[in-house]
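In this text, residue positions in the sequence shown follow the UniProt record's numbering: the first is 1, and each later residue adds one.
Glycine is no exception: its CB is placed at the ideal position from the N, C-alpha and C atoms.
Input: a single structure, listed below in structure tokens.
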Amino acid sequence: MEGADIVDESGGSVLVPCVAPKDFTLQNFTLSWTFSPSSDPSVDPSALLTYDSRTRQTSMPSEGVELDQEQVLLGNGSLRLLSPESAENTGHYTCTFSALQTRHLVQTWVNITAPHTVPITGHKEGELWVVAVVVGVLALLVIAILLCKRRARRSKQRDAVIEDTESQPMHTGQRSGVIGQPMHTVKPVGASTVEGSHLTENLKDTCT
């Protein structure tokens, strides 16, 4: 009788070893697998499967176990547990090679543990970091848009002031007077007096 312990995580397949000794006659033999969830000998083990080398057939295979029949003919009767669960598949697995006058037994304790999981806190911290980066990028984008709008508004106001200045008429001095009114010429007072005196002298000469 041989024995071994296997500790593995649930979710993946587990190979429970069982190899016949070199002096075992691999002719007309049977291979059987049983399972007991407890080490108490009073608890009857449950049969998993039985392989007969003469018929090369497996009888009563339980769900979730697999046997390589080609390897069994070579003396390797290891059992593969497919997707074992931590509670249901933990216990003693017994492999028995039986021939005419020979029997070889291998017992293995298999402990299926819960799979290792990543702490939730670390996952949340990663999500918060991503959210912070996204919020920062959005904030920078909003600030850039506001600055562009502010510059565009100032540019429009400056262009409007320039257009108003260019559209106003240019004012000249008031030397030409008011448009539409005749211009009046004011003669100097001294000029009319001189002309009057010359006219008086001419009249006197005519009379004499």
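Check, Outcome
"Tell me the DSSP secondary structure of threonine 165 in three-state form.", "helix"
"Kindly list the residues whose CB is nearer than 7 angstroms to the CB of leucine 100, restricted to its own chain and excluding five residues on each side of it in sequence; keep chain order.", "Asn28"
"What residues in its chain sit with their C-beta under 6 angstroms from that of tyrosine 51, if we drop five residues either side in the sequence?", "Leu31, Thr58 and Val72"
"Measure from the alpha carbon of histidine 92 to the alpha carbon of each residue in Gly136, Thr55, Ala47 and Pro115, then state which is nearest.", "Ala47"
"Check this for me: beta carbons of cysteine 18 and glycine 64, under 8 angstroms apart or not?", "no"
"Roughly how many angstroms lie between the CA atoms of leucine 146 and proline 115, to the nearest whole one?", "52 angstroms"
"If you draw a straight line from the C-alpha of alanine 160 to the C-alpha of cysteine 148, how long is it?", "19 angstroms"
"Is valine 131 near leucine 81, with beta carbons less than 8 angstroms apart?", "no"
"DSSP puts threonine 30 in a beta bridge; with which residues?", "Asp52 and Ser98"
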